[in-house]
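Number of protein chains: 2
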Amino acid sequence: MEASIEFLTKKLTNRDIRPSYQRIKVLEYLYRKGGHPTVDEIFRALSPDIPSLSKVTIYNTLHTFVEMGLVRAIDIDDTEMRYDITLSNHGHFLCEACGTIFNFEVNIDQIPIEGLNQFKITEKNVYFKGLCPNCLNQLSHRKKEQK
Amino acid sequence: MEASIEFLTKKLTNRDIRPSYQRIKVLEYLYRKGGHPTVDEIFRALSPDIPSLSKVTIYNTLHTFVEMGLVRAIDIDDTEMRYDITLSNHGHFLCEACGTIFNFEVNIDQIPIEGLNQFKITEKNVYFKGLCPNCLNQLSHRKKEQK
DNA sequence: GTTCCTGCAAAAGCTTTGCAGAAGA
DNA sequence: TCTTCTGCAAAGCTTTTGCAGGAAC
Chain A
1430 MEASIEFLTK
1440 KLTNRDIRPS
1450 YQRIKVLEYL
1460 YRKGGHPTVD
1470 EIFRALSPDI
1480 PSLSKVTIYN
1490 TLHTFVEMGL
1500 VRAIDIDDTE
1510 MRYDITLSNH
1520 GHFLCEACGT
1530 IFNFEVNIDQ
1540 IPIEGLNQFK
1550 ITEKNVYFKG
1560 LCPNCLNQLS
1570 HRKKEQK
Chain B
1430 MEASIEFLTK
1440 KLTNRDIRPS
1450 YQRIKVLEYL
1460 YRKGGHPTVD
1470 EIFRALSPDI
1480 PSLSKVTIYN
1490 TLHTFVEMGL
1500 VRAIDIDDTE
1510 MRYDITLSNH
1520 GHFLCEACGT
1530 IFNFEVNIDQ
1540 IPIEGLNQFK
1550 ITEKNVYFKG
1560 LCPNCLNQLS
1570 HRKKEQK
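If you read the sequences in order, they're chains A and B. Heads up, the first sequence is in our numbering, so the first residue is 1430 and it goes up one at a time. Heads up, the second sequence is in our numbering, so the first residue is 1430 and it goes up one at a time.
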């Protein structure tokens, strides 16, 4: 995905976020790497390039990004929060064997619901859990070996 | 909701869970109170009746219940896990003002999705966030007062 | 008698807070 | 100059773990 300094800086200033070096680097990582990284993942990836970097800054940065609508916070993992640069409506699938989170298409606005007539909805989430194809394969191979 | 000792004991033994006093009390609370209590909520409610009760036991008990399919764990709150005795398919709505969680009807199996053909799905969750009617009312009243 | 459960104490792990110095406008 | 940001240290919180005594079967 494109992630030039100019592109990243504009993304930030468009949302009234000062384009500090750390923020640009975090945003760059989110675009470059994609997926649904944790704070720790981002920290470990950027730390070598920015020796002075603190985890607190990652927390601060991501809070700002979420507040300003630049990224989505995903609370699917039991222990750590995850962050997603993809804003379009989609669901999340957590593989309980390998921990990977996959996106899948779901038209959230078309989900038929009942009982929320008087409610103001600001956020919709769909998340599934189970086993991804990779882990399913490995499991079936193991079973064969045991025979 | 009915919650006699016999009923609760049977619910436990049906799932191969030994009906200890603590477990019966926790299960009774879940049936009686309903809703989506946290560990701390349950602990504070039962502690007066069971002075020796430990929070660890609540954790242990709920883990067992979830593992044995007696209750559902809900990870909608950012900080604390919540537990739900209602097993039927339904969505959860978190009011970001008062923190209350509401159930709503959603036929999860009919949600049209794409991209999970090879996946084994074991759990489906739908949760929304926003403002409940009560909090919406209070907000509009405050605005009127400010005029 | 043997297995399982409870609860104390402590630890673990993620996240937040207070604050001083640095950077940016 | 004045506001904002960064990062260290410490604290806050929920949850987990180790272990010894007790309960259940």
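Yeah, the Cβ is synthetic: ideal placement off N, Cα and C, and Gly gets one too.
Just to make sure I have the definition right: I need the residues of chain A whose C-beta is within less than 9 Å of the C-beta of residue i. Which are they?
i	result
F1533 of chain B	I1542, E1543, G1544, L1545 and F1548
The beta strand (DSSP E) that contains residue i, what's its start and end?
i	result
D1394 of chain B	Since the first residue of chain B shown is 1430 and the last is 1576, residue 1394 of chain B is not available in this structure.
N1554 of chain A	K1549 to L1560
V1535 of chain A	I1530 to V1535
R1501 of chain A	R1501 to I1503
Can you give the Cα-Cα distance for residue i and residue j, rounded to whole angstroms?
i	j	result
F1522 of chain B	H1570 of chain A	41 Å
V1555 of chain B	Y1556 of chain A	6 Å
D1493 of chain B	I1479 of chain A	Sequence inspection shows Thr at residue 1493 of chain B; the Asp mentioned does not correspond to that position. Distance between the alpha carbons of T1493 of chain B and I1479 of chain A: 45 Å.
F1472 of chain B	L1491 of chain B	12 Å
G1498 of chain A	Y1450 of chain A	20 Å
E1552 of chain A	K1440 of chain B	36 Å
Y1458 of chain A	D1513 of chain B	37 Å
K1484 of chain B	V1468 of chain B	7 Å
K1576 of chain B	S1476 of chain B	The pLDDT assigned to K1576 of chain B is 40, lower than 50, so where the model puts this residue is not dependable; a value taken from the coordinates is nonetheless given after this. Whole-angstrom Cα-Cα distance: 47 Å.
A1474 of chain B	A1502 of chain B	19 Å
T1515 of chain A	E1525 of chain A	22 Å
N1427 of chain A	G1464 of chain A	Nothing about residue 1427 of chain A can be reported from this structure: the residues present for chain A run from 1430 to 1576 only.
S1462 of chain A	L1545 of chain A	Position check: residue 1462 of chain A holds Lys in this sequence, whereas Ser was assumed. Taking the straight line joining both Cα atoms gives about 37 Å.
D1504 of chain A	S1517 of chain B	22 Å
A1432 of chain B	Y1460 of chain B	7 Å
I1446 of chain A	L1482 of chain A	19 Å
V1500 of chain B	K1558 of chain B	22 Å
L1608 of chain B	E1509 of chain B	Because chain B spans 1430 through 1576 in this model, residue 1608 of chain B falls outside it and cannot be assessed.
G1528 of chain A	D1507 of chain B	19 Å
D1538 of chain B	L1565 of chain A	22 Å
E1496 of chain B	E1470 of chain B	21 Å
Y1488 of chain A	I1487 of chain B	31 Å
Under the rule that 16 or more other beta-carbon atoms within 10 Å means buried, what is residue i, buried or exposed?
i	result
P1466 of chain B	buried
T1442 of chain A	exposed
K1454 of chain A	buried
Q1567 of chain B	exposed
C1561 of chain A	buried
L1437 of chain A	buried
I1434 of chain A	exposed
G1520 of chain B	buried
I1530 of chain B	buried
R1444 of chain B	exposed
I1550 of chain B	exposed
R1452 of chain B	buried
R1511 of chain B	buried
Where does the unbroken alpha helix (DSSP H) through residue i begin, and where does it stop?
i	result
L1523 of chain A	Segment G1520 to C1524 is the beta strand (DSSP E) holding L1523 of chain A; no alpha helix (DSSP H) there.
Q1539 of chain A	Note, Q1539 of chain A: premise wrong, no alpha helix (DSSP H); not H, not E.
A1432 of chain B	Run containing A1432 of chain B: none; DSSP gives neither H nor E here.
D1506 of chain A	It is not in any alpha helix (DSSP H) - D1506 of chain A carries neither H nor E in the DSSP assignment.
H1492 of chain A	K1484 to E1496
R1473 of chain B	V1468 to L1475
R1447 of chain B	From DSSP, R1447 of chain B is part of no alpha helix (DSSP H); its letter is neither H nor E.
If contacts are defined as beta-carbon pairs under 8 Å, then residue i and residue j qualify, I think. What distance do you get, rounded to the angstrom?
i	j	result
E1543 of chain B	F1533 of chain A	7 Å
P1448 of chain B	N1536 of chain A	About 45 Å; that fails the 8 Å criterion.
Along chain A, which residues have their Cβ under 8 Å away from the Cβ of residue i?
i	result
C1527 of chain B	The premise fails here: C1527 of chain B is roughly 12 Å from chain A at the closest Cβ pair, so nothing lies under 8 Å.
D1504 of chain B	D1504, I1505 and D1507
P1562 of chain B	Q1547 and F1548
Name the chain B residues that come within less than 7 Å of residue i, Cβ to Cβ?
i	result
K1553 of chain A	F1557
L1565 of chain A	K1549
In chain A, which residues lie with their C-beta within 7 Å of the C-beta of residue i?
i	result
N1536 of chain B	P1541
Using a cut-off of 8 Å between C-beta atoms, extract the partners of residue i located in chain B.
i	result
G1520 of chain A	I1542
If the cut is a Cβ gap below 9 Å, which residues of chain B does residue i touch?
i	result
D1513 of chain A	Simply none; closest approach about 15 Å.
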